[in-house]
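Protein sequence lines, in the order shown, are assigned to chains A and B.
All letters in the first sequence, in the order written, are residues 1 to 503 by our numbering.
All letters in the second sequence, in the order written, are residues 1001 to 1503 by our numbering.
Ideal Cβ positions, reconstructed from N, Cα and C, are used throughout, including at glycine.
Here the structure comes first, spelled out in structure tokens, and everything after it is commentary.
Number of protein chains: 2
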Amino acid sequence: MTAPAAPETPAYLELARRHERLHRFEHLESIAGWDQAAMMPPKGQEARAAALAELGALMHGQRTDPALAALLERAGQEPLDDWQRANLREMRREHRLATALPTALVEASTLATSRCEHAWRRLRPANDWAGFLEVFEPVLDLAREQAQRLADHQGLSPYDTLLDRFEPGMRSAELDGLFSDLRTWLPSLVSQVRERQAGEVVLVPQGPFPIEAQRRLNLEMMRRLGFDFEAGRLDESTHPFSGGVPEDVRLTTRYQLDDLMQSLLGTIHETGHARYEQNLPWAWITQPVARARSFGLHESQSLSFEMQLARHPAFLQQLAPLLVEHFGAQPAFEPGNLQRLLTRVHPGHIRVDADELTYPAHVILRYEIERDLIEGRLQARDIPAVWDESMRTLLGLSTLGNERDGPMQDVHWPSGYFGYFPCYTLGAMYSAQWFAAMRRERPDLDAVLARGDLQPVFDWLGERIWSQGSRWETAELAQRASGARLDPAHFRAHLERRYLSEN
Amino acid sequence: MTAPAAPETPAYLELARRHERLHRFEHLESIAGWDQAAMMPPKGQEARAAALAELGALMHGQRTDPALAALLERAGQEPLDDWQRANLREMRREHRLATALPTALVEASTLATSRCEHAWRRLRPANDWAGFLEVFEPVLDLAREQAQRLADHQGLSPYDTLLDRFEPGMRSAELDGLFSDLRTWLPSLVSQVRERQAGEVVLVPQGPFPIEAQRRLNLEMMRRLGFDFEAGRLDESTHPFSGGVPEDVRLTTRYQLDDLMQSLLGTIHETGHARYEQNLPWAWITQPVARARSFGLHESQSLSFEMQLARHPAFLQQLAPLLVEHFGAQPAFEPGNLQRLLTRVHPGHIRVDADELTYPAHVILRYEIERDLIEGRLQARDIPAVWDESMRTLLGLSTLGNERDGPMQDVHWPSGYFGYFPCYTLGAMYSAQWFAAMRRERPDLDAVLARGDLQPVFDWLGERIWSQGSRWETAELAQRASGARLDPAHFRAHLERRYLSEN
């Protein structure tokens, strides 16, 4: 693809040059992808897919260029500073991910997942588990084959190789510990909280809430949360996301006329992702070391905004007058009621509708199933029974016969995303740990927040997380940021404080 | 860049494959360019420019691949059908354009024009002609050198090589004839019309016109003009344009609160461009033969919409109630007044503000100057005097000492676009010729239009122009569409009818 570097060019510089080039093409891929979701009219689809496929093939060629192995090897012998060495580590990781699997296997998986995902859109509403099983089993078989090949290559367990794609360095042995800890106290905490909330009166805000007013509120909220509008925008899409590039972050949301909270909380969540991206280490922005550290770390930022901040009593004190300003006064906008509304615990079947307290149960259940599926200890046909048993233990709900709202509810597995679900709860745990560390360092934090000043939170996250990019591996990043590696005690303490003692 | 084709692959197929690939990359370039103008926040600029430069370098490499010459040669010996042969002709033309100039010369020009255009943005408001001359002379010198090299290569005059980039097949010998014909009757026609209009009462619509209502009106107008919203959109940008790709056309406009006509007529103009793009020959859409024929032909479509249709009394009869519906009634919206307003002739200094009748004067003047500049018969420092003389002869206005609104008013020359201006008036002439042909074939055309039925116009343009792409060279396209090559008599007849006899 590229002329080989002259022998005297340091291999590291040649690699950096190639990664800068990839960064440029990823820019176009990302903006075209955002456009596809937020702007593109339907008849543009075919040409867009073909254009992105062409670009994807180009980048695949660059990422698997046979010259890379020798360059990476040579660069390891060259004198590098700490950032360069971390950058080289991330380059190696990308190279491993791009070259570990035979192209034929990747293509077979792409075909199977695309067929399964397509069928799933029809089979889920029809609650057709048997039909789903037919298209899902090939996906699972190919994911197992990929995981086994990666395992042979990397000396990890099959599931760990998949987990490592999303959460580098995380292993199921550690997750088992984290999640079994959660399993011991979460169900009883849910019961306690439900009892405590049983007598509460919670007013639901009464719409309609004009879309234009919701949009203005979201923009104002993003401003207060420090989003840089000179380097990003907010638009609409069916499935909200944080896209674009670090230099130009594109958030999307979705509006419902009778529910202002969905769009507002979604926007707050995406703004957390956005601030991470907008504040990655600028001097390295074209290089792998500037990337956000992991999916779990990314989620720890969106949940720092959506859960730690946006449900904080001080924040709701600030939010209440904003709601009145945009939609007129109503009793539901009283801060205490907002607090009760946004911390209401109600076990349900659907993960994406879950509250802060029951969400981890949905994740633990999926993690245990996908781990056993990939490791061959569980077969696809047995999922509904295991799902039902776990839902009953964790949340006291049965899903048997209702697979539509059980194992068929998420797009992840039909798309071949095994190893992704744990990141959601890792993010929740990390965000609790960040706020615990902030409070240790700054005991007046809640008093400062109560004055409406969020800056200390942004400063802490910016210095400890955002500006570090992939400078450190995840465990070391956590250690440096908060003095310890991931410890679920902070998450438990946060939930107990919020749900058993606040107010 | 690409593995060479196996010897048994027909060269034509290999070329078609390569052009399809280029079409995919042009798609990304075009969408990213639209985004840059219509969506991108300011801090995204640097990364976007770098990404587009990387893509540009990639495409340049593909367009100048040394293997192309032999493939084009071999394909000429292969059995091809008529469309394929036309496609090969367009491939040859693209190859010639991509390879005719040494890279160093192209890069020097890019540097000089970018410096000149940047300085122009400051020097024009300051009316600093001497300062402009310093940055413009290198641009002109390099354009002359390019033109001379192309002339040696192609056996054309230097200016004709530049003209041919925008209007393939057009030569200054033909333009001289067309424009000297115009010169003989245009100034006196302007005088006659001005006398005739002297006593007219013209009411200017009184704003404010809310932007949202203007937007709705524009969308409604685009619908009536047949724009396919499943394959395109309307947005806003500082400089309105028709961008995107044939499969997904992106129009932009600009709103002014006190002037609804600017945005409305601009949108109608761009919709003409858009319908051409949306109706190019679909089966060939990835290939050069599917491209719009030329800049002049493209302009003939936008002007068919903006001038031939939108100033037609039948059209204004339909427009009047639409205006009332969107902005409330006012006397200025009476159809007769709209007609007077939109056909008001008023010689002025600024090309982009010119009316239909005086616009060609601005083009003739620029054409004669740029032709003589490139051919070395005129020096840059002498432009103001020639400009002034020509403005006085053609429009009775002097510009001496006011170079800001004289030779410094357009971005074309600072950007190195010599040979582009004539396309505007070629477009006006062609559009008059198309409507003359339509009326010959369908004498009831005006009666049909008066019933609000625009379909016959779209059918004619679709069949004769849009669907032909670059199937024919321009002169033959004109011949097949209208029975004759370009004949300025139709333009004169159109203007005389509209400005001396209608109403």
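* Asked: Residues in the stretch 240 to 259 of chain A with C-beta within 7 angstroms of chain B's C-beta atoms, listed in sequence order?
  -> Taken in chain order, the members of the stretch 240 to 259 of chain A whose beta-carbon sits within less than 7 angstroms of a beta-carbon on chain B are Val245, Glu247, Asp248.
* To do: Give the DSSP-derived three-state secondary structure of Thr1271(B) in the structure shown.
  => Position 271 of the second sequence, counted from the start, is the residue given in the question as residue 1271(B). DSSP places Thr1271(B) within a helical segment (H, G or I) once states are collapsed to three.
* Asked: Contact between the stretch 1472 to 1485 of chain B and the stretch 1393 to 1413 of chain B: three or more CB pairs below 8 angstroms?
  -> Flag = no, the stretch 1472 to 1485 of chain B and the stretch 1393 to 1413 of chain B do not touch.
* To do: Please classify Ser242(A): does DSSP put it in a helix, a strand, or coil?
  => Counting from 1 along the first sequence, the entry for residue 242(A) is found at position 242. Three-state result, Ser242(A): strand.
* **Minimum C-alpha distance to Arg955(B) - residue among Glu1029(B), Ala1104(B), Pro1125(B)** => Outside the displayed range of chain B (1001 to 1503) lies residue 955(B), so it cannot be described from this structure.
* **Three-way DSSP call (helix, strand, coil) for Gly232(A) in this model** => In the first sequence, residue 232(A) corresponds to position 232, counting from 1. Three-state result, Gly232(A): strand.
* Asked: Which residues of chain A have a Cβ atom closer than 9 angstroms to the Cβ of Gly1232(B), listed in chain order?
  -> Against the second sequence, residue 1232(B) aligns to sequence position 232. Those are Pro41, Lys43, Gly44, listed as they occur along chain A.
* Contacts of Phe229(A) in chain B (Cβ-Cβ under 8 angstroms) -> Taking the first residue of the first sequence as position 1, residue 229(A) is located at position 229. Taking a Cβ-Cβ cut-off of 8 angstroms, the neighbours of Phe229(A) in chain B comprise Pro1041, given in sequence order.
* Asked: Based on the DSSP output, what are the partners of Gln1154(B) in its beta bridges?
  -> Walking along the second sequence from the start, residue 1154(B) turns up at place 154. Partner(s): none; Gln1154(B) has no beta bridge.
* Beta carbon of Gly396(A), beta carbon of His349(A): below 8 angstroms? -> Taking the first residue of the first sequence as 1, we reach residue 396(A) at position 396. Taking the first residue of the first sequence as 1, we reach residue 349(A) at position 349. For Gly396(A) and His349(A), no; Cβs fall outside 8 angstroms.
* Segments of 4+ residues assigned as alpha helix (DSSP H) that fall wholly inside the stretch 1301 to 1387 of chain B -> Segments of the alpha helix (DSSP H) lying fully in the stretch 1301 to 1387 of chain B: 1313 to 1327, 1335 to 1342, 1359 to 1374.
* Kindly indicate which residue of Leu316(A), Pro347(A), Gln278(A) has the alpha-carbon position closest to the one of Ala231(A). => Here residue 231(A) refers to the residue found at position 231 of the first sequence. Residue Gln278(A) is the option with its Cα nearest to Ala231(A).
* Exposed or buried, which one is Ser1109(B) when buried takes at least 16 other CB atoms within 10 Å? -> What you label residue 1109(B) is simply residue 109 of the second sequence in a count that begins at 1. Classification for Ser1109(B): buried.
* Helix, strand or coil at His494(A) according to DSSP, with G and I counted as helix -> Position 494 of the first sequence, counted from the first residue, corresponds to residue 494(A). When DSSP states are grouped into helix, strand and coil, His494(A) belongs to the helix group.
* Under 8 angstroms between C-beta atoms, does Pro280(A) make it to chain B? -> In the first sequence, residue 280(A) corresponds to position 280, counting from 1. Note that residue 280(A) is Leu in the sequence shown here, rather than Pro. So no, Leu280(A) is outside the interface.
* Asked: Does the beta carbon of Val1249(B) fall short of 7 angstroms from some heavy atom of the ligand ZN?
  -> The ligand ZN is absent from the structure shown, which contains no ligands of any kind.
* Asked: Considering only residues of the same chain and omitting the five flanking positions on each side of Val139(A), which have a CB-CB separation below 8 angstroms?
  -> What you label residue 139(A) is simply residue 139 of the first sequence in a count that begins at 1. Within the same chain, Val139(A) has close Cβ partners Ser109, Ala112, Thr113, Cys116, Trp413, Pro414, Gly416.
* To do: Could you have a look at Leu72(A) and say whether DSSP puts it in helix, strand or coil?
  => Residue numbering aside, residue 72(A) sits at position 72 when the first sequence is read from its first letter. DSSP places Leu72(A) in helix when its eight states are reduced to three.
* Which of helix, strand or coil does DSSP assign to Gln1287(B)? -> For the purposes of this step, residue 1287(B) is taken as the residue at position 287 of the second sequence. Coil.
* Give a yes or no on whether the minimum CB-CB distance between Arg60(A) and chain B is below 8 angstroms. => The residue given as residue 60(A) occupies position 60 in the first sequence. The sequence shown places His at residue 60(A), not Arg. Not an interface residue.
* To do: Determine the closest residue to Ser180(A) out of Leu500(A), Arg492(A), Gly243(A), with distance taken between C-alpha atoms.
  => Numbered from its first residue, the first sequence carries residue 180(A) at position 180. With distances taken between Cα atoms, Ser180(A) lies closest to Arg492(A).
* Asked: Do you know how far the Cα of Arg121(A) is from the Cα of Ala49(A)?
  -> In the first sequence, the residue the question calls residue 49(A) occupies position 49. In the first sequence, the residue the question calls residue 121(A) occupies position 121. Distance between the alpha carbons of Ala49(A) and Arg121(A) is about 19 angstroms.
* Asked: For Ala5(A) and chain B, any beta-carbon pair shorter than 8 angstroms?
  -> What you label residue 5(A) is simply residue 5 of the first sequence in a count that begins at 1. In this predicted model, Ala5(A) has a pLDDT of only 48, less than 50, meaning its place in the structure is not dependable enough to derive any value.
* **In chain order, each alpha helix (DSSP H) run of at least 4 residues that lies wholly inside the stretch 102 to 151 of chain A** => Fully enclosed alpha helix (DSSP H) runs of 4 or longer: 103 to 123.
* Below-8 angstroms beta-carbon distance, Ala1051(B) vs any chain A residue -> Residue mapping note: residue 1051(B) aligns to position 51 of the second sequence, counting from 1. Taking Cβ atoms only, chain A reaches closer than 8 angstroms to Ala1051(B), which makes this a yes.
* By how many angstroms is the C-alpha of Phe305(A) removed from the C-alpha of Leu265(A)? -> Sequence index remark: in the first sequence, residue 265(A) carries index 265 (1-based). Sequence index remark: in the first sequence, residue 305(A) carries index 305 (1-based). Their backbone Cα atoms lie some 9 angstroms apart in a straight line.
* May I ask you to list the residues that DSSP assigns as paired with Val1249(B)? => In the second sequence, counting from the first residue as 1, residue 1249(B) sits at position 249. Val1249(B) pairs with Gly1232(B), Gly1244(B).
* To do: Report yes if the C-beta distance between Asn1218(B) and Thr1252(B) is below 8 angstroms; otherwise report no.
  => Counted from its first residue, the second sequence places residue 1218(B) at position 218. Counted from its first residue, the second sequence places residue 1252(B) at position 252. Not a contact, by the Cβ cut-off of 8 angstroms.
* To do: Take the Cβ of Pro240(A) as the centre, count every other Cβ of all protein chains shown within 10 Å, and call the residue buried at 16 or more, exposed below.
  => As a position in the first sequence, residue 240(A) is number 240, starting the count at 1. The residue in question, Pro240(A), is buried, as its Cβ has 16 or more Cβ neighbours within 10 Å.
* Mind listing the chain B neighbours of Ile31(A)? Cutoff is C-beta to C-beta under 7 angstroms, in chain order. => Mapped onto the first sequence, residue 31(A) falls at position 31. What Ile31(A) touches in chain B: Ala1032, Asp1035.
* Asked: Of the residues Arg1250(B), Arg1442(B), Leu1133(B), Ile1374(B), which one's Cα is nearest the Cα of Ala1037(B)?
  -> Within the second sequence, the letter at position 37 stands for residue 1037(B). Here the closest residue by C-alpha is Arg1250(B).
* Within 8 angstroms, strictly: CB atoms of Leu454(A) and Leu309(A) -> Your numbering for residue 454(A) matches position 454 in the first sequence. Your numbering for residue 309(A) matches position 309 in the first sequence. If you check the CB distance, Leu454(A) and Leu309(A) come in under 8 angstroms.
* Asked: Got a sec: is the Cβ-Cβ distance from Arg291(A) to anything in chain B below 8 angstroms?
  -> Looking up residue 291(A) in the first sequence gives position 291. For Arg291(A), the answer is no, since every Cβ of chain B falls outside 8 angstroms of its Cβ.
* Is there at least one Cβ from chain B nearer than 8 angstroms to Arg17(A)'s Cβ? -> Within the first sequence, the letter at position 17 stands for residue 17(A). No, Arg17(A) does not count as interfacial toward chain B.
* Are the C-beta of Arg223(A) and some C-beta of chain B separated by less than 8 angstroms? -> Position 223 of the first sequence, counted from the start, is the residue given in the question as residue 223(A). Taking Cβ atoms only, chain B never reaches closer than 8 angstroms to Arg223(A), which makes this a no.
* If you pair each beta-carbon of the stretch 328 to 337 of chain A with each one of the stretch 455 to 462 of chain A, do three or more pairs fall below 8 angstroms? -> The stretch 328 to 337 of chain A makes no contact with the stretch 455 to 462 of chain A: fewer than 3 CB pairs, one atom from each, lie closer than 8 angstroms.
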